[in-house]
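Just so we're aligned: the sequence shown equals residues 2 to 255 in this note's numbering.
Note that the Cβ used here is the ideal one computed from N, Cα and C, for glycine as well.
Since this is a predicted model, take the numbers as computed values, not measurements.
Remarks on the structure that follows.
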Amino acid sequence: MADETSGDKFDNIRMTLDIAGAGAPGTDAGQSGADLGEKKLGAHFIQGAADLVTGSAGTGYVDQVGLLTDGDLVISFRTMDLTNIFNAVDFGLDIGSIGLGASTETIGEVNDGTVFLANLELDGFLGPVDIIIDGGDRGMNISGYFNAQGHIDQPFKAVKTDFYIHNSRGASTVWLDVKDRSNSMAHMQLNISKKENHLAAGQTALAFDLQNFEADLDFENLTVGSFAGADGRGIGDIYFTDLSIRAETVIYGH
């Protein structure tokens, strides 16, 4: 998945922090305030690249430009290699196992407990990530593009599978140059804020508004139980196209 710019370091990334100035969004799509350091927010950044090398920025996102007001803090993450904005910022995660055990178990050596995740291997890359913290105490909006692939075992369910997270199929796609799962990206946008007057006047709570999760999910070499099947793959492959999730959750203590 990663190309020659990838490696074992979280590098080739630029972070821009800026405070939005006064004034309505500019005439240039994705621009708000002449003093804003990163003027191409969200999908506007990908669309600019798609106009040059062909591609698509998708349709599921909430346009962050309309969220910007005077005094908002904008934090943007971008690759420094603008000729290769998808594959340049790579990441990886490996987890041997995560399990549950009684207090009599030795820490790090659970033998008689429940192993609910094992042999997690995750590799991927980041696209544009933009975080807006509202200057009027109305929360934080996070919009990010990413691609991932890997393997996971869930021993407590006797399930094993390889997986891919991308967005190269269906009606809404996010890709550049080549329309395949190695050159496309899933999108997630989350707004985090406090919920005023929840349950009763004067009471606040924590609100998570998942404004968009849009992706294609591929589960390959899926095995349930110890029966690998005639071809050694068990169930086989399962594909989800145009998966779109939106949800709002409120959390409070009592």
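In the pairwise beta carbon analysis, the segment 160–173 is classified as touching the segment 215–227: at least three pairs are separated by under 8 Å. The continuous alpha helix (DSSP H) containing Val54 extends over residues Ala44 to Val54. The alpha helix (DSSP H) runs of length 4 or more contained entirely in the segment 138–208 do not exist; there are none.
Bounds of the beta strand (DSSP E) holding Asp131 are Thr115 to Ile134. Note that the C-beta distance between Phe209 and Gln155 is not below 8 Å. Note: Ile99 is bridge-paired with Leu118 in the DSSP secondary-structure output. With contact defined as three or more Cβ pairs closer than 8 Å, the segment 142–161 and the segment 119–126 are in contact. Residue burial annotation: Ser104 is exposed, with fewer than 16 other C-beta atoms found within 10 angstroms of its C-beta.
Residues Leu74 and Met141 of the same chain have their beta carbon placed closer than 6 Å to that of Ile134, with the five preceding and five following residues left out of the count. Around the Cβ of Met81, a 10 Å sphere holds fewer than 16 other Cβ atoms; the residue is exposed.
For Gly137, the closest of Asp71, Leu191 and Gly22 by C-alpha to C-alpha distance is Asp71. Looking from the CA of Ala159, the closest CA among Gly226, Glu106 and Lys195 belongs to Gly226. In the three-state DSSP reduction, Val63 falls in the coil class, being neither helix nor strand. In the three-state reduction of the DSSP assignment, Leu69 falls in the coil class, being assigned neither a helical nor a strand state. For Gly237, the pairing in a beta bridge is given by DSSP as Leu223.
In this structure, DSSP gives Ile246 an extended state, which the three-state scheme calls strand.
Looking at the DSSP output, Thr80 sits in a beta bridge with Ile14. Of the residues Lys196, Ala21, Ile108 and Gln204, the one whose Cα lies closest to the Cα of Gly67 is Ala21. For Tyr62 against Gln190, the beta-carbon gap comes to about 6 Å, under 8 Å, which counts as contact. When the beta-carbon positions are compared, Val130 and Phe164 stay at least 8 Å from each other. With fewer than 16 neighbouring CB atoms inside 10 Å of its own CB, Ile99 falls in the exposed class. Within the same chain, Cβ atoms closer than 6 Å to the Cβ of Phe241 are found at Leu218, the five residues on either side in sequence being excluded.
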